[in-house]
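Trainee: Letter by letter, the sequence shown follows residues 60 to 553 in my numbering. Beta carbons: idealized from backbone N, C-alpha and C, even for Gly. One structure is given below, represented as structure tokens, and several questions about it will come after.
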Amino acid sequence: MTDLILVIDEGTTSTRAMLFRPDGQCIATQAMELTQHYPQPGWVEHDAAEIWDRTLAVSRAVIDQAGGAARIAAIGITNQRETVVFWDKTTGAPLAPAIVWQDRRTAAICRDLKEAGHEDAVQAKTGLLLDPYFSGSKIGWAMAHWPQLAAAGDRLAIGTVESWLVWKLTANENRGGLHITDATNASRTALMAIGSGGWDDGLIDLFGVPRAALPDIVDCAGRFGETTLFGPAIPICGMAGDQQAATIGQSCLAPGQTKATFGTGAFILTQAGPTPPVSRHRLLSTVAWQLGGKRAYALEGSVFVAGSLIKWLRDSIGLIGTAAETEALARSVADNGGVYLVPALSGLGAPWWQPEARASISGLSFTNTRAHIVRAALEAMAHQAHDLKTAFAADGTDWQALRIDGGMVANNWMAQDMADILGITVERPAFAETTALGAAMLAGVGSGLFSGLEEASAMRGAVEVFEPGMDQGTHMKRLDGWAAAVKSVIETVD
């Protein structure tokens, strides 16, 4: 029986393979960590060969658990979005390190372009701002600094991570792989015209990107090709960037519905319908999905540091032994003790867009303990979400409820704090890995298991609800303290 969907969920710190039944039940999962390399302050790189090898390993593991590839109806792929891979079309080997979305090496390039007056035109075409976060400046930097890329000539292929994985899955000894990217990932490069859905020659020239090396832009669901690496041919039928996949997995299918994913970073998207939204408060307009050549759009706020802050507290500072400790520590103190942590370890994202900002811990005294610092780290999640709620409202989008997901939201204290600070209902699905679920839904649509996303949305399942209950005085004290801490960080940059 061919009745399972294989999802490849390639994230920033790990790659996973998961098997879903059409009813939404995940029956198998395997994961392997990815190595992040930091060659210089502000630089973050991956080894694309490691990404592929570990993706292949976890995929084989879950397929073996299913009893073989004959049971797999389709493959869906979701990925960290703005990370860029460079490879040789002939050999299939990476030509350089992959530059990760967190990387800030192009801050000066983006600043110069902004000072030259290009940001308004870039935003009008792409829905994005001039920031190192997006792929275009990364590619331009790589072409200028890594001579092996130019030397590759027509053999050079450039793409975001899903493009790299599709190429490797579909390549064989007789031919190279498919060189494609889906519209959601393409919309995060700052090279695609968001209204028309195609690569823009003016943007390509602005960033110094070789047009011939870019992939073809396709829908998020369809039969894109097939792989025979696992035995019988399996079609690749779904692709979306991780935040768009989570939006689909949370069934945010109607305009105004909003989700927040708390993974390595935190990303909040509100579904906006068939017309690209325009932000006047430094939010992003992005493609939510493209089906049958028709695009739905979303308004997005991007926070660079969320779960990676807890990882930093554990691995670099040694303040906690496991992420699971944070809930008990937060509950062990009555409040934050006056401590505020602004987690600008990779700069500040929306709505501030300060790539050179650096993290701060303020308000410390001898009365504070590690519990206060850990609590301040968790509180920073709700504070950053509140900054975005304010920006969304100024752009005319007032959240009525927030659907949360990602690894961090298993923390009940954090979920309740989110509802308290935002002052709205927060919904958490029973199955929190909605990024993978969204990719499964797309693959189900692309393979014909579902007639469309509305039918596929039944895969989402039950939700748990958190209602706000914080008193007004505490609420205002928290927000005032956070505002002062952020102001201090920004003034340091200025």
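1. Hey, is the region 158-175 in contact with the region 220-239, meaning 3+ C-beta pairs nearer than 8 Å?
2. Look at the Cβ atom of I239, then the Cβ atom of K197, and state whether they are nearer than 9 Å.
3. Work out the CA separation of V225 and A499 for me, nearest whole Å.
4. By the three-class DSSP mapping on this structure, what secondary structure does H105 have?
5. Going by the DSSP bridge assignment, what does K353 pair with across the sheet?
6. Measure from the alpha carbon of D464 to the alpha carbon of each residue in L208, E492 and N470, then state which is nearest.
7. Output the boundary residues of the beta strand (DSSP E) element that contains T240.
8. Any contact of the region 198-210 with the region 177-189, i.e. 3+ C-beta pairs under 8 Å?
9. Taking the alpha-carbon of R462 as reference, which of Q330, L93 and N244 has the nearest alpha-carbon?
10. For A305, which residues of its own chain have a beta-carbon under 7 Å away from its beta-carbon, when the five flanking residues on both sides are left out?
11. Apply the 10 Å Cβ neighbour rule to R390 and answer buried if 16 or more other Cβ atoms are within range, or exposed otherwise.
12. Using 8 Å as the cut-off, can you tell me whether the region 403-418 makes contact with the region 336-355, which would need three or more C-beta pairs spanning the two stretches below that distance?
13. Would you kindly report the start and end of the unbroken beta strand (DSSP E) that includes S419?
14. Using 8 Å as the cut-off, can you tell me whether the region 141-151 makes contact with the region 88-97, which would need three or more C-beta pairs spanning the two stretches below that distance?
15. Which residue marks the beginning of the beta strand (DSSP E) containing K318, and which one marks its end?
16. Can you check which of these residues, P81, M77, D68 and T61, is closest to F509 by C-alpha distance?
17. If I measure Cβ to Cβ from A272 and keep anything under 7 Å in the same chain, skipping five residues before and after, which residues do I get?
18. Just to check my reading of the structure: V504 and A517 have Cβ atoms closer than 8 Å, yes? What is that Cβ distance to the nearest angstrom?
19. Based on the DSSP output, what are the partners of E554 in its beta bridges?
20. Hey, could you find the ends of the beta strand (DSSP E) M91 is sitting in?
21. Measuring straight from C-alpha to C-alpha, what distance separates T426 and Q161?
22. Under the rule that 16 or more other beta-carbon atoms within 10 Å means buried, what is M535, buried or exposed?
Mentor: The answer reads as follows:
1. With a cut-off of 8 Å, the region 220-239 and the region 158-175 do not count as touching, because too few Cβ pairs lie within range.
2. Stepping through the sequence shown from its first residue, residue 239 is reached at position 180. Stepping through the sequence shown from its first residue, residue 197 is reached at position 138. No Cβ-Cβ contact shorter than 9 Å links I239 with K197.
3. In the sequence shown, counting from the first residue as 1, residue 499 sits at position 440. In the sequence shown, counting from the first residue as 1, residue 225 sits at position 166. Rounded to whole angstroms, A499 to V225 spans 16 Å at the Cα level.
4. For this step, residue 105 is matched to residue 46 along the sequence shown. Reduced to three states, the DSSP call for H105 is strand.
5. Position 294 of the sequence shown holds residue 353. Beta-bridge analysis with DSSP links K353 to L350.
6. One-based indexing of the sequence shown puts residue 464 at position 405. Nearest option by C-alpha distance: E492.
7. As a first step, residue 240 is located in the sequence shown; it is residue number 181 there, counting from the start. First-last of the beta strand (DSSP E) with T240: I239 to D241.
8. Touching, no, given that fewer than three Cβ pairs across the two stretches are closer than 8 Å.
9. Along the sequence shown, read from residue 1 onward, the residue named residue 462 stands at position 403. Answer by Cα proximity: Q330.
10. In the sequence shown, counting from the first residue as 1, residue 305 sits at position 246. Closer than 7 Å at the Cβ level, and outside the excluded window around A305, lie K318, T320, D464, T493, T494 and G497.
11. By 1-based counting over the sequence shown, the position of residue 390 is 331. Exposed.
12. Flag = yes, the region 403-418 and the region 336-355 touch.
13. Sequence index remark: in the sequence shown, residue 419 carries index 360 (1-based). S419 -> beta strand (DSSP E) spans S419 to S421.
14. Inter-segment contact for the region 141-151 and the region 88-97 is absent: fewer than three beta-carbon pairs are separated by less than 8 Å.
15. Counting from 1 along the sequence shown, the entry for residue 318 is found at position 259. Per DSSP, K318 belongs to the beta strand (DSSP E) from T317 to F321.
16. Within the sequence shown, numbered from 1, the residue matching residue 509 stands at position 450. The shortest CA-to-CA distance from F509 to any of P81, M77, D68 and T61 is the one to P81.
17. By one-based count along the sequence shown, residue 272 stands at place 213. When the five nearest sequence neighbours on each side are left out, the beta carbons in the same chain lying within less than 7 Å of the beta carbon of A272 are those of L215, A216 and I217, in order along the chain.
18. Position 445 of the sequence shown, counting from 1, holds the residue named residue 504. Position 458 of the sequence shown, counting from 1, holds the residue named residue 517. About 12 Å separates the beta carbon of V504 from that of A517, a gap too long to meet the 8 Å contact definition.
19. An answer regarding residue 554 cannot be provided, because it is not within the stretch 60 to 553 covered by the chain.
20. Residue mapping note: residue 91 aligns to position 32 of the sequence shown, counting from 1. Run containing M91: C85 to E92, per the beta strand (DSSP E) assignment.
21. Position 367 of the sequence shown, counting from 1, holds the residue named residue 426. Position 102 of the sequence shown, counting from 1, holds the residue named residue 161. It is roughly 35 Å from the alpha-carbon of T426 to the alpha-carbon of Q161.
22. For the purposes of this step, residue 535 is identified with residue 476 of the sequence shown, where counting begins at 1. Classification for M535: exposed.
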